[in-house]
Structures are given as structure tokens and as C-alpha cells.
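Per my numbering, the sequence shown runs over residues 5 to 194. So the structure is just underneath, and the comments pick up after that.
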Amino acid sequence: MSPSMTNTDVSSLLVPIDAGHLLFPENMVAELIALQNVVYHAHGLAWINLHGVAVPLLSLHQLCPDLYMEQLAETDAQAELTPVVDSSVHHTAPFMRSTTTSTTEKATMVLLLHTLLAPETLPLLALQVTGSPHPVNVNHKTLQAVTQPLGQACVYIASHVRVANLPCVILDLPAIEQSLLKMMPFSNSQ
5 MSPSMTNTDV
15 SSLLVPIDAG
25 HLLFPENMVA
35 ELIALQNVVY
45 HAHGLAWINL
55 HGVAVPLLSL
65 HQLCPDLYME
75 QLAETDAQAE
85 LTPVVDSSVH
95 HTAPFMRSTT
105 TSTTEKATMV
115 LLLHTLLAPE
125 TLPLLALQVT
135 GSPHPVNVNH
145 KTLQAVTQPL
155 GQACVYIASH
165 VRVANLPCVI
175 LDLPAIEQSL
185 LKMMPFSNSQ
């Protein structure tokens, strides 16, 4: 790592989910809204209508049905920690392993995320969360990768990390977007 990179803080948000936190760069987050007006389609995706735009509604349980986040919370203290590793590995597994769109009783909020790959086609993603994001400055001193994978592997998770001593997941947003775009065409007006 170059000396200039070691002193760089990334303004980020810790977002609570059922058993842990998601970590996003602050500029990826568009808005936090209440869970409302969910429409379920035959292909297994849930959508919300936001200002006349259909936005896919996802949850970590939907993206990674075999992943047990409870294991992350329970066994996190036992995991060996090291500085952050490269998370640029590209995943190409099918998007929906299950057509169920489970929502948890706790998930009452939706985090809207900006997309990267095709914002003109898919401007936002909606992710079910259980609470409000908390700002955190992340740098090489505050971010540690969990070197022992916990639970089942999921192609939509780039890394398991710890930030501010909390277990967190970094999603592979480009892989999620790519999978959604392959399911196109879907109407962006509902």
C-alpha cells in the first residue's frame, strides 16, 4: 500500500441488518425510507415504486439464502483478523437461488443505493435494513478483514470485515447489479 493511501479516510456508513452491519461508502447511499408499497412479481423480485420509478427491493437473506448472519455475530470474536485484502474478485453465479422474497419482521426501513453499471436503466437498488446508518471514517487502521470465512459463501458478498469493532459485510454491488441487468428488460415505470 502506498504511503498516500494509508492516510486516506473513506467516509462510510454502517447500516444495521438482522445480525450485523453492512458497510457502504457514503456516496453510494441515496436515501433511507420506510418500507412501503411493496409489489411482488412472478419472477421472484419485490419492487417499490419511488417517485414513479420501479426500484428492485432486496435483502441479504434473499441474496444469500444459505448465509447465516447469526454465525457471523456469534463466532466473530473467534475469527483471525488481518489488514484488508483485495476484494476485487469477480463473481458470476446466478442471481436468485431462491424465488422466495423473504422479509424479516425487523426490516422496516429501506436503504436506497446508487448504481454504478447502468444508472440510466437501473438508477437505484433498495435494500431492506433494520435501522439508521451510522457515519464512520474508514481507513487502514480501522478496517480489518475477517480471514476465516463464516457461514456459507455468497457470491454477492465481497468481504467480511470489522469496523469500529463491529462485524460488517461489504456487498459486491456490481455483481448484484449485473445479475439484475441480466434479468432485463423490466419496466422502470409502474
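Where is the CB? At the ideal position from N, CA and C, for every residue including glycine. Note that this is a predicted model, so its numbers are computed, not measured.
Return the CA-CA distance between Leu185 and Leu126, expressed in angstroms with no decimal places.
-> Our two residues, Leu185 and Leu126, have alpha carbons roughly 8 Å apart in a direct line.
Nearest-angstrom Cα distance between Thr12 and His144?
-> Each residue's Cα considered, the two are about 8 Å apart.
Presumed contact (8 Å Cβ cut-off) between Ile52 and Leu61, rounded CB distance = So it is a contact: roughly 5 Å between Cβ atoms.
Can you tell which of Ala38, Leu27, Val19, Pro20 has the C-alpha that lies nearest to the C-alpha of Ser163?
-> Taking only the C-alpha atoms, the option nearest Ser163 is Leu27.
C-beta atoms of Val173 and Ser16 nearer than 9 Å = Not a contact, by the Cβ cut-off of 9 Å.
Out of Val59, Leu147, Ile37, which has the shortest C-alpha to C-alpha gap to Val43?
-> Considering only alpha carbons, the answer is Val59.
His65, DSSP secondary structure in three states = Helix, per DSSP.
Report the three-state DSSP secondary structure of Pro178 (helix, strand or coil).
-> DSSP, reduced to helix, strand and coil, places Pro178 within a helical segment of the structure shown.
According to the Cβ coordinates, are His118 and Val33 closer than 9 Å?
-> Yes, these two residues count as a Cβ contact at 9 Å.
Name the one or two DSSP bridge partners that Tyr44 has.
-> The partner list for Tyr44 (beta bridge, DSSP) reads Ala50.
Where Asn141 falls: helix, strand or coil (DSSP) | In this structure, DSSP gives Asn141 an extended state, which the three-state scheme calls strand.
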